[in-house]
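Chain order of the listed sequences is A and B.
FYI, the numbering for the first sequence is 63 to 179, going by our numbering.
FYI, the numbering for the second sequence is 63 to 179, going by our numbering.
Reviewing the structure listed below.
Number of protein chains: 2
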Amino acid sequence: MQEILQKIIENIPGAEGAILMGFDGIAVMQATRDASDTDIESVAMEFSFRFIELCKAAESLEMGTITDITVKADGGTLITRVLNEEFFVSVFLADPRHLGRGRWILRTHAVDLAAQL
Amino acid sequence: MQEILQKIIENIPGAEGAILMGFDGIAVMQATRDASDTDIESVAMEFSFRFIELCKAAESLEMGTITDITVKADGGTLITRVLNEEFFVSVFLADPRHLGRGRWILRTHAVDLAAQL
Chain A
63 MQEILQKIIE
73 NIPGAEGAIL
83 MGFDGIAVMQ
93 ATRDASDTDI
103 ESVAMEFSFR
113 FIELCKAAES
123 LEMGTITDIT
133 VKADGGTLIT
143 RVLNEEFFVS
153 VFLADPRHLG
163 RGRWILRTHA
173 VDLAAQL
Chain B
63 MQEILQKIIE
73 NIPGAEGAIL
83 MGFDGIAVMQ
93 ATRDASDTDI
103 ESVAMEFSFR
113 FIELCKAAES
123 LEMGTITDIT
133 VKADGGTLIT
143 RVLNEEFFVS
153 VFLADPRHLG
163 RGRWILRTHA
173 VDLAAQL
């Protein structure tokens with residue numbers, strides 16, 4: 063799993079860190095780019111509870127299960143792929159220019175992560 | 063403003079509706095594709111309060127101001143552009159294939175919407 067997270071950040075230009083986390087805010091595993099000062103665990107933890115609320119909203123609207131959440135802010139972008147009811151994987155991008163590529167890479171590797179849960 | 067919302071849905075294939083809404087969940091204006099049964103107002107209202115929470119999370123993490131939020135579910139995708147502290151514009155896509163184009167079109171027209179607020 064560590065290898066997959068490492069591959070994710072290596073393959074996405076501008077990715078500072080990747081993390082596999084439970085919706086309870088507890089990190090399973092993470093990978094950080096060398097020399098990055100992004101605390102991916104704090105970021106993902108802070109958003110995890112909010113993501114549960116988004117999932118509830120989608121369900122109540124009969125939009126079905128949420129698969130992807132992207133939050134872009136001035137200081138960074140968090141792209142998230144929901145793996146199942148319990149876990150998600152998030153990547154923090156300092157540079158949003160490669161958002162499209164990031165989403166694609168994350169989706170591709172999420173399949174492998176989900177298979178190991 | 064109505065014209066801008068109309069243009070947004072006309073220029074994004076698969077867009078069912080577009081709405082300009084306050085973070086208090088009160089709709090300012092909306093446009094819906096003919097024959098669409100998507101209740102864009104209910105969708106945006108349900109998410110508006112959750113979006114405030116995401117903004118608070120980003121601020122507490124010093125990620126800065128959130129500019130874009132994308133929520134993709136099995137039954138539809140909501141792309142949102144934050145206009146200012148009070149208002150956002152959201153587009154509901156039934157078909158997520160044109161998500162990239164949708165984000166781009168939304169961003170382009172959001173400037174015009176923000177100028178009229």
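Note that the Cβ used here is the ideal one computed from N, Cα and C, for glycine as well.
Because the structure is a prediction, the values reported are computed rather than measured.
Practice task
Specify the secondary structure class of B/Gln178 as computed by DSSP and reduced to three states.
Solution key: coil
Handout entry: Closest residue to A/Gly84 among A/Glu147, A/Gln178, A/Ser104 (Cα-Cα distance)
Key = A/Glu147
Problem - Test: A/Gly137 CB closer than 8 Å to a CB of chain B - result: At least one chain B Cβ lies under 8 Å of A/Gly137.
Handout entry: Sequence-distant residues of the same chain with beta carbon closer than 8 Å to B/Ala89, five excluded per side
Key = Ile81, Leu82, Met83, Glu103, Ala106, Met107
Exercise for the section: Please list the partners that A/Gly164 has in chain B, where partner means a Cβ-to-Cβ separation under 9 Å. Expected result: Contact annotation for A/Gly164 against chain B: no contact, minimum CB-CB distance about 12 Å [criterion: below 9 Å].
Problem - Interface flag, B/Arg112 vs chain A, CB-CB below 8 Å - result: yes
Handout entry: First through last residue of the beta strand (DSSP E) which encompasses A/Ala119
Key = For A/Ala119, no beta strand (DSSP E) encloses it; the enclosing alpha helix (DSSP H) starts and ends at 102 to 122.
Problem - Any chain A beta carbon closer than 8 Å to B/Ala25 - result: Not covered by the structure: residue 25 of chain B. The range shown for chain B is 63 to 179.
Handout entry: Simplified DSSP state of B/Ala77, which is helix, strand or coil
Key = strand
Handout entry: Bridge-paired residues (DSSP) for A/Phe149
Key = A/Gly84
Practice task
Go to A/Arg215, then tell me how far its beta strand (DSSP E) extends in each direction, as first and last residue.
Solution key: Look at the range of chain A in this structure, 63 to 179, and you will see that residue 215 of chain A is not part of it.
Practice task
Run the CB neighbour count on A/Gly76, radius 10 Å, all protein chains shown included, and call it buried at 16 or more, exposed below.
Solution key: When all chains shown are included, A/Gly76 counts as buried.
Practice task
Give the residues of chain A in contact with B/Val173, contact being defined as C-beta atoms less than 8 Å apart.
Solution key: Residues of chain A with a Cβ closer than 8 Å to the Cβ of B/Val173 do not exist; the shortest Cβ-Cβ separation is about 16 Å.
Practice task
Answer with yes or no whether the minimum CB distance from A/Thr94 to chain B is below 8 Å.
Solution key: no
Practice task
Indicate the three-state DSSP secondary structure (helix, strand or coil) for B/Thr170 in the structure shown.
Solution key: helix
Practice task
Out of B/Gly164, B/Ile70, B/Phe109, B/Thr94, point me to the one whose CA is closest to A/Met125's CA.
Solution key: B/Phe109
Handout entry: Host beta strand (DSSP E) of B/Thr127 (start-end)
Key = If you look at B/Thr127, you'll find it isn't in any beta strand (DSSP E); DSSP assigns it neither H nor E.
Practice task
In angstroms with no decimal places, state the Cα-to-Cα distance between A/Thr100 and A/Gly138.
Solution key: 10 Å
Problem - Same chain, Cβ closer than 6 Å to A/Thr127, five either side skipped, listed in chain order - result: Closer than 6 Å at Cβ, skipping near neighbours: no residue.
Exercise for the section: Please state if the CB of A/Leu145 and the CB of A/Leu175 are separated by a distance shorter than 8 Å. Expected result: yes
Handout entry: Proximity test, Cβ basis, 8 Å: B/Val10 and chain A
Key = Residue 10 of chain B is absent from the model: chain B starts at 63 and stops at 179.
Handout entry: N-terminal and C-terminal residue of the beta strand (DSSP E) that B/Ala93 is part of
Key = 89 to 94
Practice task
Give a yes or no on whether 8 Å exceeds the smallest Cβ distance from A/Ile88 to chain B.
Solution key: no
Handout entry: Nearest candidate by alpha-carbon position, reference A/Val133, set A/Gln178, A/Asp157, A/Gly87
Key = A/Asp157
Problem - Which residues DSSP lists as bridging B/Lys134, in chain order - result: A/Asp130, B/Thr139
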